[in-house]
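Visitor:
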Amino acid sequence: LKKKMSQEPQQPICLPVDEEKSYDIFKDSPIRFLGYTNEIGEALRPITPKLFVNATYAIAITYALLDTCDKGIKTYLESKEKNDESKDYEDTEMTHIRFGLDSATHTLIWQTLASITIPPFFINRTIWLAKQLLKSSSMSPINKKVIASFCGLAIIPLIFKPIDKAVDKILEYTYHPYITPLIEPKKISSKKIPNNNNNNNDDDDE
Numbered sequence: 003l004k005k006k007m008s009q010e011p012q013q014p015i016c017l018p019v020d021e022e023k024s025y026d027i028f029k030d031s032p033i034r035f036l037g038y039t040n041e042i043g044e045a046l047r048p049i050t051p052k053l054f055v056n057a058t059y060a061i062a063i064t065y066a067l068l069d070t071c072d073k074g075i076k077t078y079l080e081s082k083e084k085n086d087e088s089k090d091y092e093d094t095e096m097t098h099i100r101f102g103l104d105s106a107t108h109t110l111i112w113q114t115l116a117s118i119t120i121p122p123f124f125i126n127r128t129i130w131l132a133k134q135l136l137k138s139s140s141m142s143p144i145n146k147k148v149i150a151s152f153c154g155l156a157i158i159p160l161i162f163k164p165i166d167k168a169v170d171k172i173l174e175y176t177y178h179p180y181i182t183p184l185i186e187p188k189k190i191s192s193k194k195i196p197n198n199n200n201n202n203n204d205d206d207d208e
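For the sequence shown, our numbering begins at 3 and goes up steadily by one.
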């Protein structure tokens, strides 16, 4: 029985929450659509008041901050749960906090890039391009604005997946190798095995 137990792989406490088994309200529920509100607001900028656009950004930023807190807390709790199964890190409150901080920081940077800044930039430039192409048109100014907004809305389903994948790659080659080591706690050094050779030699001498 002892032999069997020793062969079971031990999981490090730094493992993230299993997304396949745990329900993520920010990804698995309609709440996730709040992360797109600023994109819709940016697309409707030509035909809606500035206050409306700012409100959509406020909603998206709030969503990003709540998701950041959620991921940090989940990783913090996961670290504490895995503590009994792994001895790779010191069992201190700061250890768990640093794992949670790493997860929260990663989520905040990802949301900032993939939700708050990059998509609205592409939508804004698409609207600008549509306006430039419609300059010589005889349509009324309001119709031009409506068409430009429609172009901005139409591009949203086309850009979010490529942007998500691009941000994943950016963080893979920047955040993970350079930032994570600064935040995560260091692994404890392997415990020194007492040297019994001296004792054996003493026994031989006797």
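Just so it is clear, CB atoms sit at the ideal spot from N, CA and C, and this is done for glycine as well.
A quick note: this is a predicted structure, and the numbers were derived from the prediction, not measured.
#1: Would you check if there are 3 or more beta carbon pairs closer than 8 Å linking the stretch 147-154 to the stretch 40-56?
#2: Note down, in chain order, each residue of its chain lying with its Cβ closer than 7 Å to the Cβ of T58, except the 5 sequence neighbours on either side.
#3: So, under 8 Å CB-CB, H108 and L173 are touching, yes? Tell me the CB distance rounded to an integer number of Å.
#4: For T182, which residues in the same chain have their Cβ closer than 8 Å to its Cβ, ignoring the five residues on either side in sequence?
#5: Under 8 Å Cβ to Cβ from E186, same chain only, skipping five residues before and after it: list those, please.
#6: Considering only their Cβ atoms, is the gap separating I165 from F124 smaller than 9 Å?
#7: Please report the distance separating the alpha-carbon of K82 from that of W130.
#8: Under the three-state reduction of DSSP, which class applies to Y180: helix, strand or coil?
#9: Would you tell me roughly how many angstroms separate the C-alpha atoms of C71 and A106, rounded to the nearest one?
#10: Short check: CB of C153 to CB of A168, under 9 Å?
#11: For Y91, count neighbouring Cβ atoms within 10 angstroms of its own Cβ and tell me buried if that reaches 16, exposed if not.
#12: Would a C-beta distance cut-off of 9 Å place I111 and Y177 closer than the cut-off?
#13: Just mark T97 as buried or exposed, buried being the case when its beta carbon has 16 or more other beta carbons within 10 Å.
#14: I think I161 touches P122, with their Cβ atoms under 8 Å apart; what is that distance to the nearest whole Å?
#15: Beta-carbon within less than 6 Å of K5's beta-carbon, same chain only, minus the 5 sequence neighbours each way: which residues are those?
#16: So, are the CB atoms of Y65 and S117 less than 9 Å apart?
#17: Who are the near neighbours of D69 in its chain, counting only those whose CB is closer than 7 Å to its CB and skipping five residues on each side?
#18: Tell me where the alpha helix (DSSP H) around K81 begins and ends.
#19: Would I157 pass as a contact of T119 if the rule is Cβ separation under 9 Å?
Guide: Quick look at the numbers:
#1: Touching, per the Cβ criterion.
#2: T39, N40, I42 and G43
#3: Rounded to the nearest angstrom, the Cβ distance from H108 to L173 is 7 Å, consistent with a contact under 8 Å.
#4: Taken in chain order, the residues that qualify are D104 and H108.
#5: C16, R100, F101 and D104
#6: yes
#7: 50 Å
#8: If DSSP states are grouped into helix, strand and coil, Y180 belongs with the helices.
#9: 6 Å
#10: Not in contact: C153 and A168 (Cβ atoms no closer than 9 Å).
#11: buried
#12: Yes, the Cβ-Cβ distance between I111 and Y177 is below 9 Å.
#13: buried
#14: The pair is not a contact, with the Cβ atoms about 10 Å apart (cut-off 8 Å).
#15: Any answer about K5 is weak, because its pLDDT of 44 lies below 50 and its placement is not dependable; what the coordinates show is given next. Nothing meets the Cβ criterion.
#16: yes
#17: So the qualifying residues of the chain are F28, T109 and Q113.
#18: Inspection of the sequence shows that residue 81 is occupied by Ser rather than by Lys. Here the alpha helix (DSSP H) through S81 covers K52 to K84.
#19: no
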